[in-house]
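To keep things clear, I will list the structure first and then write my remarks on it.
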Amino acid sequence: MTINFESLNEETKKKFQTLTQFGQTLEILTQQKLQIDSNIRETELAIESLTEATPDTPVYKSIGGVMVKSTRDKLLDEKKSNKETLTMQSKTLAQKIERTKSTFENMQRSLQEDLQNQ
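Its first residue numbered 8, the sequence shown is counted upward by one per residue in the numbering used here.
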């Protein structure tokens, strides 16, 4: 079924545009969550490696492209804290995604009904 966008009434056009915006927002939020989840996995691997190292093992961290020597325990604490922050961000994004997805699906149904009634 092909629909000429120009033949739609203004309300339906606005719904379609809003639906498109919600779809784009959903894509952006999903990409952000994937990136954060990837960072969580990377942080978990770092925590695992640091946990296996002895406390006197020399470790380095990158700060602005410069490698700086640190202690294992200090870096381990930083990574654990970073993981907690990333996990909270991931959970928050998951909630935003669910709300946006629900709104998107409701708007999609409403738009389909409008199109069937025209």
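No residue lacks a Cβ here, since even glycine has one placed at the ideal position from N, Cα and C. Predicted model, so just to flag it, every value in this text is computed and none were measured.
C-beta contact flag for residue i and residue j at 8 Å
i: P62; j: R79; result: yes
i: K20; j: F12; result: yes
i: L36; j: T92; result: no
Span separating the alpha-carbon of residue i from that of residue j
i: Y67; j: V73; result: 10 Å
i: L122; j: R116; result: 10 Å
i: N124; j: Q38; result: 35 Å
i: L26; j: M114; result: 6 Å
i: Q42; j: N16; result: 40 Å
i: V75; j: E34; result: 37 Å
i: E18; j: F111; result: 17 Å
Residue nearest to residue i in terms of C-alpha spacing, selected from the options
i: S7; options: K108, F111, T50; result: Only positions 8 to 125 of the chain appear in this structure, which leaves residue 7 out of reach.
i: K81; options: T99, M95, T58; result: T58
i: S56; options: E34, S14, K86; result: K86
i: S77; options: E105, A60, P65; result: P65
Supposed close pair residue i, residue j - CB separation, criterion 8 Å
i: I54; j: K90; result: 7 Å
i: S97; j: K40; result: 6 Å
Just to confirm the assignment: which complete beta strand (DSSP E) runs, minimum length 3, are found wholly within the stretch 22-84?
66-70, 73-77
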